[in-house]
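J.:
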Amino acid sequence: SIPFTPRQLEAFVRLAEASARVRLSDRVTLEDAERAISIIEKYLRRVGVDKETGKFDIDIIATGISRSQHDRMLTLMEIVRDLCRESQEGMANKEEILAEATSRGLERSRAEKDLERLKRTGQIYEPRHGYYKVTEEY
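Going from the sequence shown to the numbering used here is simple: count from 1 and add 81.
#1: Quick one: give me the first and last residue of the beta strand (DSSP E) that Lys-214 is part of.
#2: Mind reading off the beta-carbon distance from Met-172 to Cys-165? Whole number of angstroms is fine, and I expect it under 8 Å.
#3: Which of the three DSSP states, helix, strand or coil, is assigned to Glu-115?
#4: In this structure, does DSSP put Glu-207 in helix, strand or coil?
#5: My assumption, with CB atoms under 8 Å, is that Glu-193 sits in contact with Lys-200. Please give the rounded CB distance.
#6: Entirely within the stretch 132 to 208 and at least 4 residues each: give me those alpha helix (DSSP H) ranges in chain order.
#7: Nearest to Ser-168 by alpha carbon, out of Lys-214, Ala-99, Ser-106, Thr-202?
#8: Can you give me the C-alpha to C-alpha distance between Glu-98 and Tyr-124, rounded to a whole angstrom?
#9: Looking only at C-alpha atoms, which of Glu-170, Ile-121, Val-94, Ser-119 sits nearest to Arg-108?
#10: Taking DSSP as the reference, what is the three-state secondary structure of Val-130?
#11: Whole angstroms is fine: what's the gap from Ile-121's alpha carbon to Glu-115's?
#12: Under 8 Å, with one C-beta from each stretch per pair, do the stretch 155 to 163 and the stretch 172 to 183 reach the 3-pair mark?
Next up, the structure:
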């Protein structure tokens with residue numbers, strides 16, 4: 082089951098009301114409510130499934146990032162932090178990050194994409210080509 086927020090409940094009511102209006106009725110029937118449920122279920126199946134796990138993931142709808150991707154990105158952040166602490170320069174080498182990520186069970190190609198996403202979102206930055214640091218606020 083999925084927890085419904087008040088906003089989502091309002092959307093459900095609006096869909097049921099719209100179904101009634103299409104029938105030129107002032108009253109919402111059980112059929113209208115079932116139609117609204119069907120529309121919402123199809124939407125959730127279409128956009129709310131994690132492509133990696135095949136399971137429904139409300140995080141995709143709420144944040145645009147699946148739980149599995151979020152977990153990988155947290156792991157990468159931890160790796161970057163650890164390597165920065167261990168480095169004399171205070172930076173993490175990309176190849177070392179990816180090697181550590183694969184040793185922790187992450188696919189290299191996914192780790193590379195997630196590393197780029199972390200950079201795009203400003204959670205890490207690249208002070209020198211091939212070297213990363215965690216942005217202070219993260």
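The beta carbon of each residue, even a glycine, is placed where N, CA and C say it ideally should be.
T.: Taking the coordinates as given:
#1: That run of the beta strand (DSSP E) goes 212 to 215.
#2: 6 Å
#3: helix
#4: strand
#5: Their Cβ separation, rounded to whole angstroms, is 11 Å, which puts Glu-193 and Lys-200 out of contact at 8 Å.
#6: If we require 4 residues or more, the alpha helix (DSSP H) runs fully inside the stretch 132 to 208 come out as 139 to 144, 148 to 167, 175 to 184, 189 to 201.
#7: Lys-214
#8: Approximately 18 Å between the Cα atoms of the pair.
#9: Nearest to Arg-108 by C-alpha distance, out of Glu-170, Ile-121, Val-94, Ser-119, is Val-94.
#10: strand
#11: 10 Å
#12: yes
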